[in-house]
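Some notes on the structure that comes next.
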Amino acid sequence: MLEIQENISLRDFNSFLLDKKARYFCSLYSIKDIEEVISYSKSKKLKTLVLGEGTNLLFTQDFDGLVLKNNIKGREIVKDQVILSGGENWHQSVLWTLQEGINGLENLVLIPGSVGAAPVQNIGAYGVEMASFISSVETVDLTSGDVIDLSKKDCKFSYRNSIFRKKNNPLFITKVNLKLNQNFKTNVSYKSLREYLLKDDIDPDLATPKQVCRAVSSIRNKILPNPIYTPNVGSFFRNLIIDEEKFIALKKILPKIPFIGIDEKKFKIPVAYLIESAGWKGHKEGEVEVSSDHALVIISSGKAKSEDIIGLSTKISEDISNKFNIDLEIEPAIY
């Protein structure tokens, strides 16, 4: 029997520990549960919000609708396909693939959140994006109840974006199908990753997937606060891809800014460098602050309100715009 709760605090369901309430709340464990909850939401004409582990969102108000917690579990390997259910923890799933001798996801270790949330923002780290491994994403349309299997092309992946980030997206992700294999060559193109491996007396080009996994874990643990102990949503601002004109202008202000050339006309820049150059790294205001270890991360004392977080991020955005003529983009979804 489906259990639907009323007026539930969402504090334990978001990594900023914001004490907003859901008018209705329900945990889903199967396709059948989804079918039942669709009927319920239609009967009451409720808007819905699908929740993974709450590590990439910011609640600014109570949610006057039905929050659906994705708790659908399951992991299996079928030939060269790794099939992960949406309610599984992403980090644990990466470790599981490595234990099973399946390579490819090691650069994406320790990214907080659920499997179902991972395709939404096309998670990526250390030179690797999730989209490169996806063969299809299985979903249920919460408006019609239709089961829809989306191909990689259908998902419209781009940098930290996908069709699932579209406003009022009705798709509930039940499974993610990844094409992985044992012979996948490790990706050690990222400078800091290569440097770490070399310091550990490991030839980057000969590094095993488990060695890369350990290296990425060590780097992330050093610079990114664990949301379990320090309330945050990881990168609050996303890195940017800018055109040649803006890049040339930015280089005149910051000649030493690191960059990656996407092509002759587009350049990816690290926003943390901009924020640090503007003097915001380690800056504290009341119950919120910019991490002293990584300038992309805004952390909370656990007592911060959404207004505090938005207030600090707005000041940072306005300052970066004034100093560098660059408009920052917020990474977490805001509700």
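Just so you know, we're using UniProt numbering here: the sequence shown kicks off at 1 and counts up by one.
Every residue gets a Cβ at the ideal spot worked out from N, C-alpha and C, and that includes glycine.
Per-residue burial, residue i [other beta carbons within 10 Å of its own, 16 or more giving buried]
| i | result |
| --- | --- |
| Leu150 | buried |
| Tyr229 | exposed |
| Leu66 | buried |
| Asn221 | exposed |
| Pro255 | exposed |
| Lys42 | exposed |
| Thr139 | buried |
| Leu206 | exposed |
| Asp200 | exposed |
| Gly52 | buried |
| Gly113 | buried |
| Lys175 | buried |
| Asp308 | buried |
| Ser306 | buried |
| residue 405 | Past the boundaries of the shown model lies residue 405; the chain is included only from 1 to 335, so the question cannot be answered. |
| Asn7 | exposed |
Same chain, Cβ closer than 8 Å to residue i, five either side skipped, listed in chain order
| i | result |
| --- | --- |
| Phe63 | Leu10, Lys20, Lys21, Ala22, Arg23, Leu49, Tyr335 |
| Ser218 | Tyr196 |
| Lys210 | Leu98, Glu106 |
| Ile77 | Ile83, Glu100, Ile102 |
| Asn322 | none |
| Asn181 | Asp80, Ile102, Asn103, Gly104 |
Closest residue to residue i among the options (Cα-Cα distance)
| i | options | result |
| --- | --- | --- |
| Ser135 | Glu245, Leu178, Asp80, Ile111 | Leu178 |
| Gly234 | Lys32, Thr55, Ser39 | Thr55 |
| Cys26 | Ile38, Leu17, Ile77, Ala117 | Ile38 |
| Leu328 | Ser93, Leu142, Ile241 | Ile241 |
| Ser144 | Lys303, Glu245, Glu35, Asp80 | Glu35 |
| Pro332 | Ile77, Thr60, Lys69 | Thr60 |
| residue 398 | Ser277, Val290, Ala207, Ser192 | Absent from the structure is residue 398, since the part of the chain shown begins at 1 and ends at 335. |
| Lys44 | Ile4, Tyr190, Ile8 | Ile4 |
| Leu142 | Phe157, Phe324, Phe247, Asn169 | Asn169 |
| Ser292 | Ala304, Lys305, Ser277 | Ser277 |
| Lys69 | Gln92, Val109, Lys79, Val115 | Val115 |
| Ser300 | Asn7, Leu2, Glu244, Ser15 | Ser15 |
| Gly74 | Ser93, Ile202, Leu57 | Ser93 |
| Val109 | Asn122, Ile330, His91 | His91 |
| Ser158 | Ile123, Lys246, Tyr190, Ile173 | Ile123 |
| Leu58 | Ile310, Leu171, Ser317, Lys315 | Ile310 |
| Ala117 | Tyr40, Ala304, Leu198, Phe172 | Phe172 |
Per-residue DSSP class, three states only, for residue i
| i | result |
| --- | --- |
| Gln81 | strand |
| Val120 | coil |
| Phe237 | strand |
| Asn322 | helix |
| Ile134 | strand |
| Asn232 | strand |
| Gln99 | helix |
| Leu10 | coil |
| Ala304 | coil |
| Gln61 | coil |
| Asp220 | The sequence given here has Arg at residue 220, not Asp. DSSP places Arg220 in helix when its eight states are reduced to three. |
| Glu53 | coil |
| Lys47 | coil |
| Val94 | helix |
| Arg214 | helix |
| Ser39 | helix |
| Asn107 | helix |
| Ala272 | helix |
| Leu193 | helix |
| Arg160 | coil |
| Lys167 | coil |
| Ile202 | coil |
| Phe247 | helix |
Close Cβ partners of residue i (< 7 Å) along its chain, the five nearest in sequence each way excluded
| i | result |
| --- | --- |
| Arg194 | Val188, Pro204 |
| Asn107 | Ala125, Tyr126, Gly127, Val128, Asn187, Val212, Val216 |
| Val120 | Ser162, Phe164, Arg165 |
| Phe184 | Asn103, Gly104 |
| His294 | Ile223, Leu224, Ala272 |
| Ser30 | Ile72 |
| Leu274 | Ile320, Phe324, Ile326 |
| Leu46 | Tyr24, Gly65, Leu66 |
| Asp243 | Lys265, Lys266 |
| Tyr190 | Tyr126, Gly127 |
Close Cβ partners of residue i (< 6 Å) along its chain, the five nearest in sequence each way excluded
| i | result |
| --- | --- |
| Phe17 | Checking the sequence, you will find Leu at residue 17 rather than Phe. These residues qualify, in order along the chain: Arg11, Pro231, Gly302. |
| Pro270 | Asn239, Pro258 |
| Glu285 | Leu312 |
| Glu260 | With the sequence shown as reference, residue 260 is identified as Ile, and Glu is not the correct amino acid for it. Excluding residues within five positions, the ones whose Cβ falls inside 6 Å are Lys268. |
Query - Contact between the region 119–138 and the region 93–100 (3+ Cβ pairs under 8 Å) - result: In this structure the region 119–138 does not lie against the region 93–100, because fewer than three pairs of beta carbons, one per stretch, are closer than 8 Å.
Requested in this report: Inspect the CB distances between the region 281–295 and the region 248–257 and report whether three or more fall short of 8 Å.
Outcome: No, they do not touch.
Query raised in the report: Would you call the region 73–93 and the region 251–270 touching, i.e. three or more CB-CB distances under 8 Å?
Result: Below 8 Å, too few C-beta pairs join the region 73–93 and the region 251–270 to call them touching: fewer than three.
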